[in-house]
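Residue numbers (the numbering used here): 10 to 152.
Okay, structure coming up:
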């Protein structure tokens, strides 16, 4: 699916074509709530095919985070380590670093959280018994 994403995003790099738009829309409708994990996988991958779509993946990740308003607020602390890894990656340019900072800022909204994003998906089904989630403000104090 990462290669499909790369083709869809790259084919519409200057002006999105109808096919590019349709492919991206179908991909995200299929991925639904796991879209952010998928995008982080694209950003962390070492595939040459994915290098040219890193900025678009960050823009999509930022849109995903901003799409979770106070009505459907989610605690995204599980993805913070991945954003930090992308931030520290030598392949991440100045624009990418700026987008990552915007993503991290979006994690720090003051809305009451309804659930922790991807806890089972990222850390496994038994994670709820052995991991404790902290308020996002605890992470932001350290930054």
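Positions of the beta carbon are idealized from the N, C-alpha and C atoms, including for glycine. Because the structure is a prediction, the values reported are computed rather than measured.
C-alpha distance - residue i paired with residue j, whole-angstrom precision
i           : j           : result
residue 112 : residue 59  : 20 Å
residue 36  : residue 14  : 8 Å
residue 54  : residue 64  : 13 Å
residue 109 : residue 126 : 18 Å
residue 38  : residue 51  : 17 Å
Residue i, buried or exposed, once every other Cβ within 10 Å from all chains shown has been counted against 16
i           : result
residue 75  : exposed
residue 3   : Because the chain here runs from 10 to 152, residue 3 falls outside it and cannot be looked at.
residue 86  : buried
residue 72  : exposed
residue 161 : This structure gives no information on residue 161, because the portion of the chain shown stretches from 10 to 152.
C-beta neighbour in chain C for residue i, strict 8 Å
i          : result
residue 67 : Looking at the structure shown, chain C is missing, and only one protein chain is on hand.
Inter-residue CB distance, residue i and residue j (contact presumed, cutoff 8 Å)
i           : j          : result
residue 18  : residue 62 : 4 Å
residue 106 : residue 96 : 6 Å
For the structure I just gave you, are there three or more beta carbon pairs, one from the segment 28-44 and one from the segment 88-102, closer than 8 Å?
no
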